[in-house]
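As given, the protein sequences belong to chains F, L, C, S and U, one line each in that order. If you use the numbering used here, the first sequence closes out at 100, no skipped numbers anywhere. If you use the numbering used here, the second sequence closes out at 266, no skipped numbers anywhere. If you use the numbering used here, the third sequence closes out at 389, no skipped numbers anywhere. If you use the numbering used here, the fourth sequence closes out at 875, no skipped numbers anywhere. If you use the numbering used here, the fifth sequence closes out at 1511, no skipped numbers anywhere. Quick notes on the structure that follows.
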Amino acid sequence: MVDTTQYLVLGAILFCLGVAGVFIRRNAIVIFMCIELMLNAVNLTFIAISRSLGSIDGQVFVFFIMTVAAAEAAVGLAIILSLYRRRQTINVDEVNLLKW
Amino acid sequence: MEQVLFWICGVVSIVFAVMMILKRNPVHSALCLIVVFLCLAVSYLLLGAEFLAAVQVIVYAGAIMVLFLFVIMLLNLDDEVHSPGKPRMALIAGSSIGSGLILLFLLTGGVFKALSGTRGAEKVVAGNTQAVAELLFTKYLLPFEVTSILLLAAIIGAIVLAGKKG
Amino acid sequence: MGIAGYTGILIMVAVAAAFGGVVVLLSRLIGKRQESREKLMPYECGIDPTGNARRRFSIKFYITAMLFIIFDIEAVFLYPWAVVYRSLKIFGFIEMVVFVGILLIGFLYVWKKGALEWGSKSI
Amino acid sequence: MGIEAGTVMLGIIGPEVVLVVAALGLMVADIIIKDERERQFLVWIGVAGILGSLAVSASLWGREVAYGFYGMVVVDNFSTFFTLLFLVAGGLTLLMSHRYVQERKLSPGEYYTLTLFATCGMVLMGKSTDLIMIFLGLEVLSVSLYVLVGYVRGSDKGVEASLKYFLLGAFSSGFLLYGIALLYGATGSTRLAEIGAAIAQKGLLGEPMLLAGMGLLLTGFGFKIAMVPFHMWAPDVYEGAPSPITGFMSVGVKAAAFAALLRVFAGSLPGLGIQWKEVLWLGSILTMTLGNVTALMQTNIKRMLAYSSIAHAGYILIGVVAGGETGTTAVLYYLLVYTLMNLGAFAVVVAIEQKDEKRLELLDYAGMGTRHPALGAAMAVFMFSLAGIPPLSGFMGKFYIFSAAVKEGYLGLTIIGVLNSLVSVYYYLRVTVMMFMKEPEAEITPVLFHPSLVVVLIIALFFTLQMGLFPSTYLHIARESIKIFL
Amino acid sequence: MINYIWMVTLFPLIGVVLNGLAGVKFPRKVTGAIGSLAILGSFLTACLIFAEVLRLPAAQRTSEVVLFTWIACGSLLVNIGFLVDPLSLVMLLTVSGVSFIIHIYSMGYMAEDEGFRRYFTYLNLFVFFMLILVSANSFLLMFVGWEGVGLCSYLLIGFWYQRRAPADAGKKAFVVNRIGDYGFLLAMMLIFVTFKTLDFSTVFAAAPHTLESGGLAVTLITLLLFLGACGKSAQIPLYVWLPDAMEGPTPVSALIHAATMVTAGVYMVVRCSVLYSLAPLSMDVVAIIGCLTAIYAASIGLMQNDIKRVLAYSTISQLGYMFLACGVGAFSAGIFHLVTHAFFKALLFLGAGSVMHGMAGELDMRKMGALKSKMPWTYWTFLIGTLALAGIFPFAGFFSKDEILWDVLQKSTVLWAGGAIGAFMTAFYMFRAVFMTFHGESRVDEQVHVHESPRVMLIPLGVLALLSVAGGFIGLPLIEGGNRLKEFLVPVIALAGHGAAAQHGAHEAGFEAVMMVVSLGVALAGIALAWLMYIKNPAVPEKLSERLSGLYRLIYNKYFVDEACAAVIVEPVKNGSLFLWRACDNKVIDGAVNGSGAVMLRASRILQRVQTGMVQGYALGFVGGVIAVLYIVFAM
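As structure tokens, this is what we get:
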């Protein structure tokens, strides 16, 4: 038997790995992938809680999160593409025209 | 059975997540992420969310990752190179401390205590898809329709941003 | 039901993975390794490769993939709908008509903007 | 199983339906119309949609509280108030964009459609009674804005702003969702009413999972309202985005986030007030101080207004912290006032700005007031109102907020707030001084006035003056709107 | 007619609209005429109302004209309306009257200026706000006027913004006034929380039984209000902006920085006399600050060479007298001095302006001298103003200053002594200015063609001179049979419990007469010293060297006196004055004001750097915020 807490801890660890990844990487796409990892960690948390509560609402929530993630992915990658076309880089360190 | 699979999935997903954030090559990172997604799909199965496991494979591990890879190839990216003179270490240190602290909060703050010892009813039985579907098209009718707006906005956005020549 | 119903699939996945792994590993262990420039070159049906494989793709690939995702999601919504369609009766039908209708306009838009044309017509 | 017609109540989302239909009509028209010049008229479809939506939502005012779609959304005066506010903001943004889009040869169809979608997202956020609807509304809003921010393709700044907004927005969504998950875990529901009831019944007040969930939810909303330290995206994004969109974001997104914040925290989590008020108390002090102090040295007008909008979020937070009838009324009134005066200021910025992000530096405003007295006078009114100089509406808003804070015993917060608003006068006045009292270095090409822009200016000017001189009606409306929290 | 009080404020607004928005094509004459006529309209309306009020019995002279309800929401009810009572009428008459005269004068003074239209627009706008300020019926509306006049003052100080000094001066005035406004705003919040309203009538009616006399609340409110008054009326330590404000056009200095706006603080204190009389501590603070300012500013004025700066320090000093009067409870004396001061200080500034006009903009008195014959009109009117300011019988300043000193003496001998010293110095530096400018030998640059000003400037001087002579008779001291101004003001100020001094005084008429002679003597002594130093013996240092030859020692024996005088009194005073000006005024206080601004700007620079433009830095800030939020949530 796997305790719900174990799933939640796994989710928390993955979430924090995603957060750490956002800082460590400089490639905008990889940063975005790390954000996706965070969202997946949340999904896992939702599903685990949903089972623990015996309610299915959490799963529906996850379904919507996935849809949102897809929409965000489409737009986000388009933004990264247009950034690359404009500036020939997707290294976030080099994207700092706007500051102060 | 569940124990074993959970541990395998858990360990593999953590290992690959770590690899994802450490691999220099974005393509490798993407591939690692696919593994994480698949592991999570198995976890969903363990949790009795079959429908979501399927969606996870179809949408995430399938479509979204393909999209990622396409973009990576489109841009023809090489390994990340360190840009010199940037306080990289500070950022890394800060981030690890930051995310570590959040993790510490969640774990030691007793945040998950409320649900410890529970694992939920086994009642979510046959036809998980049906159960989700029934909720989705009644109680969650409005969010469902709003989703279509969201997707439409995403279509327009992607075409606008990536479409014409800049 | 839980995981039990998927035991067979899991075993198959495990066996397949193990088979693949073992074969690759065996060839490494047993085979003699002799590297040469020719051998390291990508194999393109015996024809000499022209240029680097790591060339930029056309943006079309991306747009198609992106549209695929969106409509993929739409299709995913259809599965659960199909499962409960009967019990939803006419309202269920209307729900889906609205949903698909909205995305259909998106499709129309994509089409008319020429995003699906692979030719020279720019979007 | 099956759907009972009574639970749907299409009328409840009437304003959204009108908006979406208008947006879809706009897309179809965009497809059908081939001629570039004729496409410029698409804006009127959008405006018609907004007006229709305004009519529908105005008819919802004063009705009995009604839930719809299985309790996902609600129509009460609070939601109607915000619906009207978002529609006004959206409509003025459309009008403001008319020439902007035309001049820069941006494709108009998508621009206006996305603006309508973003407005629709805000409206949904304002009337959601379920966290999932709040989240989806937020995402509709965000996704549309990610695109709009980077809409000017030739702009280096625009695309950078878009990337930053997107990455940080998605990042904050992660935290928001995690917060929702924990709240769901602690209370067993994502429905606001049920969350409130569960906390009361099960005595969950000290429950760590609930607290952590609430904290993360706060950060998610804090991001959208640009509360320090979640504000850092705002100056960059506001500077890089097309000016009308910056105006739209600075009022609309903020108001939407405040609407959701009030509904979730004041509506469902009042029992945890000690905790979240403490956070917002600190946040408000940091937000207004940082916003005002940093704005002092800005040379780009949009960036200055960005910091100013951060500062204003701080003032509004004072009202949220003060709470109670006066405090919440003050928040709503301030949001209304702020929407009109800030959009007015941005309308002036749009009027003066030229293609390729020219004429956005403060120095470019030299001599504008003497060259165009009416424009200068309008800008002066907006700046003075933002600075909180009586008798303009901005002063009334601030006065009401500060009074509420004093009344609820937040004297320290008030003192800091007043001090801040005095500091802020410096940079607002600088704009006016620049316009009237400085000679331009080179001959300035005159500002071309577009009828749509003039309409926006007149509307904003009128209400900025009127809401200051005759605030009673608006305060009354605001008070009617917050009855659900009492 | 009383109900038409709003027309008083309407006229200047019409002027603003006509000149500001429509007047692009107007010729200068028309612009000037519109501006002046608008103020004349206000003045005449105010006169009519005044006449009507005079006909009413004293008890019914206060009425409130509510235009409309501004805010009515919950506990907050604010009406926009005007308070017609003796106090506001006196202020309305003074403000509109003096403004009108100065408008006329400006038509001549600014005739050649490029910004003629801008000037009149700002000036009308200023009058509009000033009239709002003095006739408002609530703190809120008063604050509208308060902020408005501050804004106009800022715009007018920096009128010649092309030059650096005016722009800087405007900025300084702005920063300092912010501090004052801060006090005002906080006081307003406190009043609102305490009384649930901001209407004067309600607040003052409720104050005696709502507030505990001498309690913390009323003391805090009055001190905060006084902070506001200090900012606007240039009292220690917030006076620094006023001398710099002289960078504006001279009529502006006359109108805003001498006659009207700077007295707003005094007006406000008098308006709140009910509150102040409940707070003895605040009263003492007001009196002490007033007295200190009076001496301090006068001592700096002793050695200034810029004619306008002399007048500026003199204004600060005279404002100090007004506060001193208020602080000892002699509110009506304060208002009396406010009115007379408006006349003669406006006259002096306009006279200085006339000198500048004739001298091609020269301000340094060391480059003047012997202008008496070249500019007779200016000289005589200036002399009248000086006599009034010095407090010579029977000029206006004598009566008002004497009344203040008399009332102060009832309270405290120390404060009286301070006031008397100030009066002595005032007489000295004013006559020093007169002598340096108009008498003695001409030190005028030969290139300058000195000429008398045009008639449009001289007539206002004449009118003001008349007022400076006659103005004192509206408030004749008690021994001459009742003070009409004080009586008139009774309905407003009687509440404050003042009157003890008045009754007291009636019994000691003889003593008061003595004191009048004393104060007259003090002023005359000051004049005499100035005469000795600047006319009789204009070159003390040269004489010193001559004396060393020993030959004329006896002949010039009397110069021994002078020299002793010079060594013992004049030199230390001179040095002290210069020291105060250089060290205290320029470094410490200026430094503090500029410093606080600089600190803000530096903080701004530092905070700016946080915004590095690096998206990951922002994310780090975000996560830091998350941790902080979680910490607070769990710690609470």
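No residue lacks a Cβ here, since even glycine has one placed at the ideal position from N, Cα and C. On a predicted model such as this, the values are computed, not experimentally measured, just so you know.
DSSP bridge partner residues for residue i (one or two, in chain order)
i       : result
S/V464  : S/A455
U/D1239 : U/D1181
C/F373  : Paired residue(s): none; C/F373 is not in a bridge.
S/E750  : S/N689
U/E939  : U/L958
U/N1450 : DSSP, once it has assigned bridges, lists no residue as partnering U/N1450.
U/S1013 : U/D1074
S/D519  : S/R580
F/N91   : F/N27
Assigned exposure category for residue i - 16 Cβ within 10 Å defines buried
i       : result
S/K744  : exposed
F/L81   : buried
F/K34   : The amino acid occupying residue 34 of chain F in the given sequence is Cys; Lys does not appear at that position. Buried, since its Cβ has 16 or more Cβ neighbours within 10 Å.
U/Q1491 : buried
U/D1119 : buried
U/S1174 : buried
Residue of the options minimising C-alpha distance to residue i
i       : options                            : result
S/M856  : S/Y540, S/L599, S/K787, S/E830     : S/K787
U/F1363 : U/M1243, U/L1407, U/F1206          : U/F1206
U/F1001 : U/F1079, U/P887, U/F925            : U/P887
U/T1261 : U/R1307, U/V1289, U/D1282          : U/R1307
U/I1368 : U/G1297, U/L1095, U/L962, U/K1047  : U/L962
U/A1400 : U/V1141, U/A1265, U/Q1110, U/G1209 : U/A1265
U/A1139 : U/L1117, U/G1103, U/S1128          : U/G1103
S/F773  : S/A736, S/R760, S/Y817, S/M757     : S/Y817
S/G672  : S/T608, S/I402, S/W450             : S/T608
S/A867  : S/V720, S/F851, S/L513             : S/V720
U/F1454 : U/A1172, U/V1230, U/L1505, U/F1273 : U/A1172
S/Y696  : S/L775, S/E427, S/A649             : S/L775
Residue i, DSSP secondary structure in three states
i       : result
U/I955  : strand
S/T579  : coil
L/E150  : helix
L/Q230  : helix
S/E405  : helix
U/T944  : strand
U/Q1483 : helix
S/A831  : coil
L/A267  : The requested residue 267 of chain L does not occur in the structure, where chain L is confined to residues 101 to 266.
S/Q743  : strand
C/R301  : Note that residue 301 of chain C is Glu in the sequence shown, not Arg. If DSSP states are grouped into helix, strand and coil, C/E301 belongs with coil.
U/Q1110 : coil
Cβ-heavy atom distance, residue i to the ligand ATP, below 7 Å
i       : result
U/P1112 : The ligand ATP is not among the ligands present in this structure, which contains no ligands whatsoever.
N- and C-terminal bounds of the alpha helix (DSSP H) containing residue i
i       : result
U/D1074 : Element bounds for U/D1074: n/a, residue is neither H nor E.
U/T1288 : 1288 to 1313
F/C34   : 28 to 53
U/H1216 : 1206 to 1233
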